Amino acid sequence: MSQDTLTPTTAPAAGSPLLRVTDAIAARREAAMGSFRHRWGGLPRPARFVPAGLLLLVLIMLPVWDKSLRESTGSGIPVIGTPNTSFSGVLFLVGAFALCAIGLNVVVGFAGLLDLGYVGFYAIGAYTVAVFGSPSSDLATAYPWLICIPIGIALTMIAGVILGGPTLRLRGDYLAIVTLGFGEIVRLTIVNTDPLGNRAGISNIPKPPGEKSDGSKLFGVVDIAPFYWLILALILLILVLVSNLERSRVGRAWLAIREDEDAAELMGVPTFRFKLWAFAIGAAVGGLSGGIFASRQGFVNPDTFDVLTSILFLAAVVIGGSGNKFGVILGAVIVVYVPERLRGFDETLFAAWFVVLVIALAVTLISRRKTLFATNLRAAATLVGGVLGFVVAVGVGTQLHSIVTEVGTENPTRLLVGAVAVVLIVGLLLVRLVGSAQAEGAHAAAIFLGAFLTVLVGAIAPYVFDEIGDGIQALRYFAFGLALIVMSVFRPQGLLPSRRRATELADRKKEVAVGVNA
Amino acid sequence: MSTPDHPELKPDAVEAPDSILPDAPPPSIDESVDLPEPEAHVSVGEKLLEMRNITLRFGGVTALDGVDFAINRGEILGLIGPNGAGKTTCFNVMTGVYQPTDGTVWFDGKKLGRRKKYQITRLGIARTFQNIRLFPEMSALENVMVGADARHKTSVPGAVFRLSPRHFREEREGRERAMELLRFVGIADLAHAAARNLPYGYQRRLEIARALATEPTLLCLDEPAAGFNPAEKAELMDLIRAIRDQGYTVLLIEHDMRLVMGVTDRIVVLEFGKKIAEGTPAEVRDNPAVIAAYLGVPEGEPTDVA
Amino acid sequence: MLLEITDLAVAYGRIEALHGISIQVDAGEIVTLIGANGAGKSTTMRAISGLRPASRGSIIFDGEDITNLRADLRVTRGISQAPEGRGIFPGMSVMENLDMGTYARKDRRSPARDADLERVFALFPRLKERRTQVAGTMSGGEQQMLTIGRALMARPRLLLLDEPSMGLAPMLIQQIFSIIKEINAQGITVLVVEQNAQQALSIADRAYILETGSIVKSGQGRDMLGDPAIKAAYLGVA
Amino acid sequence: MDFSALFDDFGQLTATGFTQGAIYALVALGYTLVYGVLRLINFAHSEVFVTGTFAAILTLRLVGVGADEAVPGTVMVIVALAAATVAAMAASGATALVVERVAYRPLRKRNAPPLVFLISAIGASIAISEAFGVFYSRDNVPVGNLIQPSTQFEIFGASITNQMILVVVAAFGVMILLDTIIRRTRLGRGIRAVAQDPDAAALMGVNKDRVIAWTFVLGGLMAGVAAVLYDLQFGVTKFNAGFLLGLKAFTAAVLGGIGNLRGALLGGLLLGLIENWGQAVIGSSWRDVIAFVFLILVLMFRPTGLLGESLGRARA
Amino acid sequence: ATGCSSGGDDDGDTTASGDKACGLTIAFVGAQTGGEAALGINISNGAQLAVDQYNEKNADCKVTLKKFDSEGKPEKASTVVPEVVQDEKIVGVVGPAFSGETKATGPTFEEAGLPIITASATNPALAENGWKIFHRILGNDAAQGPQAALYIKNDLKASKVYVVDDASEYGKGLSDIVKKDLGSVVVGSDTVQDGQTDFSAVVTKIKSSGATALFYGGYYDEAGLLRKQLTQAGGQAITLIAGDGVKDTKFVDGAGTAAAEGTIVTCPCLPPEKAPGTFFEDYKKAFNAEPSTYSAEAFDAATVFLDGIADGKSTRADMLEFVKAYDKQGITKQVKFDAKGEVADKGVWAYKFEGGKIVALKEIK
Ligand SMILES: Nc1ncnc2c1ncn2[C@@H]1O[C@H](COP(=O)(O)OP(=O)(O)OP(=O)(O)O)[C@@H](O)[C@H]1O
Ligand SMILES: Nc1ncnc2c1ncn2[C@@H]1O[C@H](COP(=O)(O)OP(=O)(O)OP(=O)(O)O)[C@@H](O)[C@H]1O
Ligand SMILES: [Mg+2]
Ligand SMILES: [Mg+2]
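Chains as they are written, first to last, in my numbering: chain A, 534 to 1051; chain B, 9 to 314; chain C, -6 to 231; chain D, 214 to 529; chain E, 20 to 384.
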C-alpha cells in the first residue's frame, strides 16, 4: 500500500553490498549531523554568530589571499585555488549561481514547483541591464547601472507572473516541461530578435559605480574581486529576506502546497496566488543575479542561457539539499566550482581529498556515541589504517606512474583499461569483504580503495588523456556527469538537507486524481 | 485534564496506541481550553447551511440527485448511507471541490456559487478527509498554524520585509492558538513531531485541530472513526460533543452506527444520491427504507448489496 | 503448522513498529489479529507478505524460511494479501484486476483458472455483473470485494485480509464476515486483521491481541469474546 | 510571416513533418513508458537513443557499408539493415538497462525524492554523451550509404520517397507491436500493474525490479529502432544529437499525455507537423519556439495532454 | 625591425643567442571541451604545431603554449581571461576563437595590453572597438561576403539564389552581406537553428522557390546535413556556396561524398597545400588528422609571437609593437596588420569539394 512507498528502507537486506556500505555511512553521518544540529541549535545566539562571522570573513578574504599568494609564490591558494582560470572569477560565478539557487529554491524547495526554465529569468535580468544600460543596444537609453538593476528585477517579476499565470495550474512534470519550454523560448526569442542583438549579443554593459583610491574604476574587467564581494553582499541580503519569508505564513503556505495542494487549498490557502508569488520572487532573484552577471561580463549573448544552465541551477538546488538555503549554496559551489577546479589536477588535490576522507570517517566514528575508549580506539585505528592505505597506494601509484612513463604513451588506452580492471577487481573484493566485515575494516578498506583509485587515476590520467583530448580537462564533463549520479546515490536527500527533508522519505504521494475523494 | 463526565478519558482507561513515542500521554481532551467563539452569533437552531436541490453528475454517474437538506446552527448532523451513496460527494460540493450540475448551496445567508475552495474555507466551512490528508513533513504545530493562517492578513511583501507589527502579532497569535487547539484535541505534547510520524488516531485528531484552526462555523468530519476500535470511537464521540459544546456546528459522515446514533442530533440518509430519510437517530433507526438500504437486518440473511 | 512467525521485529526507519512477535497459524484455521490503532497489525501483515523487511526474527511458511524472500516470490509460495484500503489497480477493468491475481500462477491459462473465476463470481455476483467496469470507478464496497476476489484468484494457501470491513456500510460488513467463513470452508487458511473485533472474534478459531508492537494475549476466539479486559479495551463494552 | 510557403508546399511539408514526427514518436515512447511506470522523466533516454545511432553506424561499417562506398545491392541492404537494427536495439536496450541499474535502482532502493532521480538521470545523460564525445568523436559521424532515396510516388504535390515510407511504416509497425505487448502480454500487464500500484503489484507476484528493468529495456529497444531510422533519415549522428531530439520527443510525450502510449504517437506526429508548418510560415529559426508555444497552448486547455494519462492510472 | 632572425637559422644544439627571450608563454584561448570543441582544437593544434617546431629548434630556450579552455562560452572566457592576463609570462594570445568570446574579453586584454591574434573570429565589428591589442590574421566577413556574392554572380551565373544562415554572429553577418550584394537574385531566405538536424521544411521551401544556388552562412555541421537533405529531396540541382565555416572535410561527413560534390566554399585563406613548406604533412604527422579550418591561420598567428620571442621581445608592450610592425610571409599569406589590426592581405579564395576533398579553384577578384 501507499504507506510503504513513503518509507525509508534503511532496514538491512535490500540492495548490493556497496549500497549497504554507503547506507551505513550515510546513516552514521546522519546521526552525527543530527546531533550537530541539536548542539548547534542549543548554543546561545552570540556563540552561533562567531563561527558564522568567521566563515564570512574567510569568504571575503579568499580573493585577497589568492592574490597575495599569487604574487609571492606564483600560484594561488593551494588545494582550493583554481588552475588555468581566475579564482575570483570562479568565486563570482559561484556567487551568481548561488543567488540563482537561492531563488530557485523558493520555487522548487519551498513551494515544490519543478522549474526547469529558471535560466529564462536569469536571461531576462541580464538582458534588461544590457538593453537599458548599454549605449550600443538598439534602445541606447544607456541608463546607469543603479537604474537598470531595479528595472531588471521588476521585469523578471512580471515575466514570472506571465509565465505562472497560465501554467501554474499544471501539475508536477507537466509544469517542468512547460517551464523548460519557457527557458528555450526566451533564449530563441533573443536569438531571433534584432533589437536584442540576436546571437551576436550586446556589449558595453554598464558596471556598478565606484572608484578605487587611485581613481581607477572599482568594478573593472581584470580584477573581479569587487564583483564577488558585491554578489556576496547580495546573497546575504537575499538570504535574510528569504528566511523572513520561510518563517512566516507565506513559507508555511508554500510547504503546505508542496505537501498536498488540494488539502492546502481546503485549509484556506489561496494556492494559486502563493504559487504565483513563489514564481515571482524566484524570478526576481534570478533576474537580479542575471543583471549582476551581465554587468560583470560587460557582454551578453543568448548562448549563455541554455537548457543546460537551467539544469545546473536545479542540480545545485537538489544536490545541495532542496529546501535548505545553505544547502543550495553549497550545491552551487559544487556545480560551478568543481568543474572549474578540475581544469587541472595536482598532488595537493589528491592529498587534500584523502585527508578529508580520513577525517570525515574518523569524525563519523567518533560521533557514534560509544564509550570514549572504544571510540578513540576506532578513530585511531581508522587513522592508522588510512595512513597505511595511503602509503601503500602512493607506493603502488608511483610505481605505476613510472611504468607508464617508461612505456610511454604507446598504448595508453589499453593501460587505462587494464588499470581500471585491476581497480575494479580489487574494489569488488574489498566491497565483498566490507559487506561482512566489521565497520572498522570497512572504513579502512574504503580509505584504501579510495586512495588507491585516486592516486592511480592521477598517475595514469595525464598520459592517457594527452592522447584523447587535452589533458584531464577533456574529461571534466564526463566526470561531472558521473559525479551527479554518485552524489544522488550517496546522498539522495542532498548535502545539507533541510530539517524536513532529512527525515523525508520518498514522498511520491499518489496524487489523488481529482478532488479529495480518495 | 479530563472531566468527570468522561470517564473513558482517564489516562489508564485506554492503552496508548503509540510505539514511536513511548512516553507520550494518552490522548485526552482538555476542555478547559476556551475555543474562540465561532464568528456568527445567531441563536441555535437557525439554518446554517442549506443544500437546495443539489444534483451532480459525472459523465453517466449521477452521484447526487436533487439532494435537499439543511444543517441547523449548533447541531450535530449525521450523514449516512450505503457505500457510493454520495456522502463524500456532498462534502466536496459544500467545500467547493466540485461544482454541482444543478442546485445551490446556501451558507450563512450567502450562495456559495463559484467561490474558490479557500474562499469557502474563509467563509467558515472546514473539513477533514476520509483518507487522512495532513501535510506529512510539517510538524503538528505547523499543520495547525496553516489552518490558523486562513484568518491572517500579512501580505507577501509584509512577510519579506517584516515592516509591519501585524506580522509579528499574527505569528504569535497563530502559534498560541495552534497550541491551544492541540491541547484541546489532546496532542499538545507532540506539537513538534512531524505529522507523518504520528500514530493514526492522533493524525485524525490533528486533522480536526487543523480544521478548527480555520475558525469555521461548520465543521465537516468524513468518517473520522474509520479504523478506530470501539474504545477509541467512544473517545472520539466525546471529542465531537466537546466541539459542539464550544458552539460549533458539526456535520458527520460515519458508518459506525453506535457512534452515529450516540452523538448526532439529527440524521440524513442518502442512497443512490437521493435523500431517503431524515430525522432523529431513533426515527432513522426504525425507518424500514433505511434498514433495507443500509442497516440491514440485525443478524441474518444477506441482503442485496448497495 | 502452515505459518510460524518467531520473534519478528520490523522497523520504519529508526522506529521499531514490531518488537519481536510470535504467531502461529495452522492449516485450515481462521486466525484474527486485533489491536488498537498503530499497534502494528498492518505492519505484521506487510512483513508476512514481504512488503516490509524484517529486522529480526523469522517467518516460516509451510516449513520453508521465507524471511528474506521477495514479496512476489511469496505469492508463488501461496501467500496472498488483500491489502488495507484500496489495493486495486484503478485503471484496469474488473476482469483485468482479477487476472492480475493469477499473474504468478503457472496454470493461468488452464481450466483451473476458469474454475477459480467461477468461484469468485459465485462468492461475489456483483463482480460478475461489473466485469468490464473500470475498477477505479467502483464504490468502496465493490472495490473491497474485488480486492478479496483478486487475492482468491491467486489460489492462495494463506489469505491475509487487512481490515476487510473498513469503511463499509453495516450491511456489507455482515456479508464480508460470512464470506470469510465461506472461503475458509473451501480450505483456505485465513489471517484477518480487524477493528471490528466483535465480529472477527466470533468467526475466528484463534486470536492474537497486539499492543504497541507486542503480542499481549492469545487464545480461542470465543474465549476472548468473553474476556472482560478485552471487552473493555477492544469491544467498547464498558 | 509568409503563408504562401505553407500553402504552396503544404503536401510536402506535411509528408516530411509526418516522417520527422514518426521518429519523435518512437523516442517519445521510451519517455512515456518509463514515466508511466516510475513517474520519472528519464533524461538519459536521449543518450540511450544516441548509443543506438552509433551502434548502427559501427555495425554498418563492420558489414562493409561505409560512407564512401556505393549503395549496395538489395540483399545486402536487407542484411545490413537487419544487422544494424539488431545492433542498435541491443546497444540501446543494454544502455537503458545499465542506466536503470546504475542511476535509478540504487535511488529507488533508498526511496530518494523524485527530484533526485532527475539529477541522477541528467548526470547519466551528460556522462554518456560526453563519453561519446571524448572517446569517439565530437564531429558528425556519417552513416554508410544504405538506401538511395528516390521518389516513389507523388500525392498532393508531395513527393514521397522510399526512405520516408520506410521510416513511417517501421515506426508504426513497432508502435503497434509495443502497444500489443503492453495490452496483451503478461509482461505488459505487469508493467501496467506496477505503474498503477507497485506494492499491490508485488502482492500479485509481480517482480517489480524485473518489470522496471524490462520497461527500460523496452524503451531502449524502441529507441534503438528510432536510432536506425534516424541514421537513415539524416545520414549522420553526433555525440550530442540526443539532446534536441530528446527534448522534442519528451515534449511530444507530454503533448499526447505522458504515460499514454498512443498519446506519444499522436504527440510525436502532431509535433512534427506543427513544427514543419510553422517553420514554413515564420522561419526555421523559430522551430523550437513553435513547438513549445504549441505545447503550452495545448496544456492550457488540456492539462494532462491530448489523450490524458493512461498507462499509469485511469481516473477513479 | 632589428634582429629579426628567422627561426630556421637557429639550430637546437647551439647555445641560446643573446637576443632570444626564454621561459615565455603563448596562450591559446578557445574551446577545448564542450559542443564547440572541434573547431577550437583545430586552432589550438595549429598553434601547437608552430610552438613544437620552434621548441625543436630552440631546445635550450623553449616556449610554452598554454591552452585556456573557454568552452566557446563568453561567460567562461571572461572568467578565464583575467587569469591569462595576470600571468606575466604570457606575452601573446592566439585567439579567442569565436567572435562572442572575443567581444566579451576584448576589454580585459586591452586593459592588460596583451596582444591577441585571432585566427578565426571573423565578425567585422570586432575591429571597430578601438582595441589596440586586437589583430586578426584572416579576412573578416565583410571582406568575404562581397567576394562570395561576386562568385555567385560571375562564375555560377545563378539567377535564383536562396540564402540561409544559422543565426550565429558569423553566419548571419556573412549572409546579410551576401544578400545585400546579390540584390534581386535572392528569391528567399531563412534562418535555421544551431544544432538542428531536420531541415525538411527549409529544403521544401528552397526547392519550391526554384533556386539553383544556395548560399549558406554558418558552419559545416548544419551545412552538411542541409546539403544531404537537399540532395535527397530530388528536384532541380542546387549548388551550395558557403563561407569559410564550411571549409572543412568534416562537411563531407555530414553530406556524404556524393552530395558534397561540387559545393563551393569561399575563404579568406590560402589553400593549405599551397602553403610553403611542410605544414600539411607536419600537421598530419603530429595530430594524426589533416589540418582543418583555421589550423594554418593559427600556425601563422603563433608564428608571429614566436618570431617576436626569438627577437627578444619579452614584455607585452614590446610584443605589441612587434606585432604591429610585423611583415612577413606566413604559410597562408603575407602577414601584415593594418591600424585596426586587420590583416592586410585579405585575398579570398574559392574552393570546391571534389571527391570528398577540398580543391582550390581560384582567387576571387
Ligand atoms: N470524480 C468522480 N467521477 C466519477 N464518479 C464519481 C466521482 N466521484 C464520485 N463518483 C461516484 O459517485 C458516487 C458517490 O461517491 P461518494 O464518494 O460520494 O460515496 P460515499 O457515500 O462517500 O461512499 P463511501 O461510504 O464509500 O465513502 C459513487 O458511485 C462514485 O463512484
Ligand atoms: N510508513 C510508516 N512510516 C513510519 N512509521 C509508520 C509507517 N507506517 C506505520 N508506522 C508506524 O508503525 C506503527 C504500526 O503501524 P501499523 O500500520 O502496523 O498499525 P495498525 O495496527 O495496522 O494500525 P491501524 O489500525 O491504524 O491500521 C505505528 O506506530 C505507525 O505510526
Ligand atoms: Mg465517502
Ligand atoms: Mg492497519
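For each residue, glycine too, the CB sits at the ideal point set by N, CA and C. In this text the structure is predicted, and so the values were computed from the model without any measurement.
From what residue to what residue does the beta strand (DSSP E) around residue i run?
| i | result |
| --- | --- |
| valine 18/C | 8 to 18 |
| threonine 364/D | 364 to 368 |
| glutamate 204/C | 199 to 204 |
| tryptophan 368/E | 368 to 373 |
| leucine 85/B | 84 to 88 |
| glutamine 138/B | From DSSP, glutamine 138/B is part of no beta strand (DSSP E); its letter is neither H nor E. |
Can you tell me whether residue i is helix, strand or coil according to DSSP?
| i | result |
| --- | --- |
| threonine 70/B | strand |
| glycine 281/E | coil |
| valine 868/A | helix |
| aspartate 263/E | helix |
| tyrosine 181/E | strand |
Going by beta-carbon coordinates alone, are residue i and residue j separated by less than 7 angstroms?
| i | j | result |
| --- | --- | --- |
| glutamate 94/E | threonine 837/A | yes |
| serine 86/C | threonine 125/C | yes |
| alanine 96/E | glutamate 316/E | no |
| isoleucine -2/C | isoleucine 16/C | yes |
| glutamate 231/B | alanine 93/B | no |
For my contact list, residue i and residue j are in at a C-beta cut-off of 8 angstroms; report their separation, rounded to the angstrom.
| i | j | result |
| --- | --- | --- |
| leucine 251/D | alanine 477/D | At roughly 16 angstroms, the Cβ-Cβ gap does not stay under 8 angstroms, so leucine 251/D and alanine 477/D are not in contact. |
| arginine 65/B | threonine 109/B | 5 angstroms |
| leucine 151/C | leucine 44/C | That belief does not hold up - the Cβ atoms of leucine 151/C and leucine 44/C are roughly 15 angstroms apart, past 8 angstroms. |
| isoleucine 45/E | leucine 84/E | 5 angstroms |
Would you kindly report the start and end of the unbroken alpha helix (DSSP H) that includes residue i?
| i | result |
| --- | --- |
| histidine 175/B | 173 to 193 |
| glutamine 74/C | Where glutamine 74/C is concerned, there is no enclosing alpha helix (DSSP H), although the beta strand (DSSP E) it sits in stretches over 72 to 75. |
Out of curiosity, what's the CA-to-CA distance linking residue i and residue j?
| i | j | result |
| --- | --- | --- |
| tyrosine 239/E | threonine 450/D | 14 angstroms |
| threonine 334/E | leucine 1017/A | 44 angstroms |
| proline 742/A | glycine 819/A | 22 angstroms |
| tyrosine 370/D | alanine 168/E | Checking the displayed sequence, the identity of residue 370/D turns out to be glycine instead of tyrosine. Glycine 370/D and alanine 168/E: Cα-Cα distance of roughly 33 angstroms. |
| alanine 32/B | tyrosine 5/C | Low confidence applies to alanine 32/B: its pLDDT is 38, below 50, so where it sits in the model is not reliable, and the reading given next is rough at best. When rounded, the distance between both Cα atoms is 19 angstroms. |
| tryptophan 598/A | isoleucine 610/A | 7 angstroms |
| threonine 726/A | tyrosine 870/A | 33 angstroms |
| glycine 249/D | lysine 179/E | 51 angstroms |
| methionine 153/B | phenylalanine 859/A | 25 angstroms |
| serine 608/A | valine 591/A | 19 angstroms |
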